[in-house]
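Novice: In my numbering, the protein residues as written are 2 to 201.
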Ligand SMILES: [Zn+2]
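#1: Going by DSSP in three states, residue 89 sits in which element: helix, strand or coil?
#2: If you measure between the beta carbons of residue 97 and residue 59, is that distance less than 8 Å?
#3: For a test of your reading of the model: does the CB of residue 181 fall under 7 Å from any non-hydrogen atom of ligand 1? Yes or no.
#4: Starting from the Cα of residue 34, find the closest Cα among 48, 17, 49 and give me that residue.
#5: Whole alpha helix (DSSP H) runs in the stretch 5-60 with 4 or more residues, listed along the chain?
#6: For residue 90, count neighbouring C-beta atoms within 10 Å of its own C-beta (all shown protein chains included) and say buried if the count is 16 or more, exposed if not.
#7: In whole angstroms, what separates the C-alpha of residue 152 from that of residue 141?
#8: Any heavy atom of ligand 1 within a distance shorter than 7 Å of the CB on residue 178?
#9: Please state whether the Cβ-Cβ distance between residue 88 and residue 128 is less than 8 Å.
#10: Tell me whether residue 199 counts as near ligand 1, meaning its Cβ is closer than 7 Å to at least one heavy atom of that ligand.
#11: Could you compute how far the alpha carbon of residue 43 sits from the alpha carbon of residue 3?
#12: Can you tell me whether residue 171 is buried or exposed? The criterion is at least 16 other CB atoms within 10 Å of its CB, across all chains shown.
#13: In angstroms with no decimal places, state the Cα-to-Cα distance between residue 29 and residue 106.
#14: Taking all protein chains shown into account, do 16 or more other C-beta atoms lie within 10 angstroms of the C-beta of residue 49, making it buried, or fewer, making it exposed?
#15: According to DSSP, is residue 193 helix, strand or coil?
#16: Just to confirm, are residue 85 and residue 188 a CB contact at a threshold of 8 Å?
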């Protein structure tokens with residue numbers, strides 16, 4: 002969440018949040034800085050199984066950009082799930098790499114309420130949802146990250162100018178489509194933002 006890499010051109014004293022420093026033969030440095038220490042890193046010796054050492058990696062679902070992730074796949078894995086669609090999108094064993102902000106923005110863009118029971122979502126809605134996820138992620142990557150004030154790219158630039166959100170952190174503000182006020186509520190412990198009028 003708060004971790005980022007930074008190329009160090011002019012050698013300087015590492016800040017107190019520097020967790021790992023990589024040096025190449027020419028003494029160029031890549032620093033991993035993480036204020037809240039949520040990040041994890043592994044050193045895996047040659048010949049060892051990555052999946053055995055990094056627990057959970059083997060159980061990750063497909064990436065949103067992969068061909069394995071489509072409406073058919075979603076339909077299959079959620080057809081009996083009574084969990085909310087928001088909780089499903091955050092479940093890394095179903096799809097890998099969708100964070101809270103992207104889940105909220107994708108559901109808004111697809112017009113689906115985050116509270117809907119996953120199994121009630123129809124095929125045509127899933128097609129739209131998959132498209133929304135890909136579009137939201139592409140927009141965000143293309144513009145250097147999200148609106149998190151502490152997100153930085155490799156050069157240490159703040160990603161603050163990134164994705165313009167429609168619902169995330171817009172509680173009480175007017176929906177850009179209908180003017181209704183954006184609401185916020187927790188779903189499985191995560192802040193969820195949505196427009197009750199646009200999302201059914
Ligand atoms: Zn709306």
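C-beta atoms are modelled at their ideal positions from N, C-alpha and C, and glycine is treated no differently. Quick caveat, the model's predicted, so the values are computed rather than measured.
Specialist: Put simply:
#1: Within the chain shown, residue 89 is the residue found at index 88, counting from 1. Assignment of residue 89 by DSSP, reduced to helix, strand and coil, places it in the helix class.
#2: Residue mapping note: residue 97 aligns to position 96 of the chain shown, counting from 1. Residue mapping note: residue 59 aligns to position 58 of the chain shown, counting from 1. In this structure, residue 59 does not lie closer than 8 Å to residue 97 by Cβ.
#3: Within the chain shown, the letter at position 180 stands for residue 181. Residue 181: yes, Cβ under 7 Å from ligand 1.
#4: Here residue 34 is taken as the residue at index 33 of the chain shown, counted from 1. Looking from the CA of residue 34, the closest CA among 48, 17, 49 belongs to 17.
#5: If you keep only unbroken alpha helix (DSSP H) runs of at least 4 residues inside the stretch 5-60, you get 51-54.
#6: For the purposes of this step, residue 90 is identified with residue 89 of the chain shown, where counting begins at 1. With a 10 Å radius around the Cβ and a threshold of 16 neighbouring Cβ atoms, residue 90 comes out buried.
#7: The residue labelled residue 152 in the question sits at position 151 within the chain shown. The residue labelled residue 141 in the question sits at position 140 within the chain shown. Summary for residue 152: the model assigns pLDDT 49, below 50, so the residue's position carries little reliability, and this model does not support an answer.
#8: As a working note, residue 178 is residue 177 in the chain shown. Between ligand 1 and residue 178, a heavy atom-to-CB distance of less than 7 Å is present.
#9: Counting from 1 along the chain shown, the entry for residue 88 is found at position 87. Counting from 1 along the chain shown, the entry for residue 128 is found at position 127. With contacts defined as CB atoms closer than 8 Å, residue 88 and residue 128 fail to qualify as a contacting pair.
#10: Position 198 of the chain shown, counted from the first residue, corresponds to residue 199. For ligand 1, at least one heavy atom lies less than 7 Å from the Cβ of residue 199.
#11: Residue numbering aside, residue 43 sits at position 42 when the chain shown is read from its first letter. Residue numbering aside, residue 3 sits at position 2 when the chain shown is read from its first letter. Here the alpha carbons of residue 3 and residue 43 stand approximately 18 Å from one another.
#12: As a first step, residue 171 is located in the chain shown; it is residue number 170 there, counting from the start. Buried, since its Cβ has 16 or more Cβ neighbours within 10 Å.
#13: The residue labelled residue 29 in the question sits at position 28 within the chain shown. The residue labelled residue 106 in the question sits at position 105 within the chain shown. Whole-angstrom Cα-Cα distance: 38 Å.
#14: The residue labelled residue 49 in the question sits at position 48 within the chain shown. By the C-beta density criterion, residue 49 is exposed, having fewer than 16 other C-beta atoms within 10 angstroms.
#15: As a working note, residue 193 is residue 192 in the chain shown. Strand at residue 193.
#16: Indexing the chain shown from 1 puts residue 85 at position 84. Indexing the chain shown from 1 puts residue 188 at position 187. Residue 85 is a Cβ neighbour of residue 188, given a cutoff of 8 Å.
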